[in-house]
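In my numbering, the protein residues as written are 126 to 280. Idealized CB from N, CA, C, for every residue including glycine.
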């Protein structure tokens with residue numbers, strides 16, 4: 126049996142590896158990347174990026190979600206707003222069509238229990254105890270890509 130010169134075998138092995146890698150890349154599905162920022166600030170009809178992840182009990186909290194590297198076609202965004210006690214307070218299930226880059230804005234508005242508005246003049250946190258603390262926003266795209274972020278609600 127004839128042996129292969131070292132340089133030629135090495136070159137052949139590299140070529141085979143490159144072909145296998147290219148085949149994997151072209152067949153594999155790329156997951157989109159997710160960037161999220163939260164804000165309660167609003168200008169000219171649009172949320173404005175802020176440097177804080179701390180919000181008040183009366184704020185409408187916007188999550189601006191930038192999805193990058195989306196394959197063309199139908200997609201599904203799901204988001205869960207979970208309170209400090211671990212209870213999901215809001216669930217978003219949003220089917221959409223997109224390709225490349227897409228921006229989606231969702232929001233959370235906390236509503237005090239009935240009857241607490243009468244006493245909120247004296248104590249803004251009245252009836253809002255379950256909402257005070259660190260919340261989690263969990264975002265999923267097509268049940269694959271995940272992004273979690275935390276924010277704080279104070280009254």
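Buried/exposed call for residue i, threshold 16 Cβ in 10 Å
i	result
residue 259	exposed
residue 200	buried
residue 224	exposed
residue 164	buried
residue 269	exposed
residue 192	buried
residue 256	buried
residue 264	buried
residue 213	exposed
Residues that residue i bridges to, as DSSP identifies them
i	result
residue 164	187
residue 214	Answer is none; residue 214 lacks a bridge partner.
residue 220	201
residue 172	167
residue 264	204, 272
residue 158	193
residue 180	278
residue 233	186
residue 259	277
For residue i, the three-state DSSP class (helix, strand or coil)
i	result
residue 208	coil
residue 277	strand
residue 228	strand
Cβ-Cβ separation, residue j to residue i (assumed contact under 8 Å), whole Å
i	j	result
residue 235	residue 253	7 Å
residue 179	residue 261	At roughly 15 Å, the Cβ-Cβ gap does not stay under 8 Å, so residue 179 and residue 261 are not in contact.
residue 181	residue 280	7 Å
contact_flag[the segment 203 to 219, the segment 168 to 185] where n(CB pairs < 8 Å) is 3 or more: No contact exists between the segment 203 to 219 and the segment 168 to 185.
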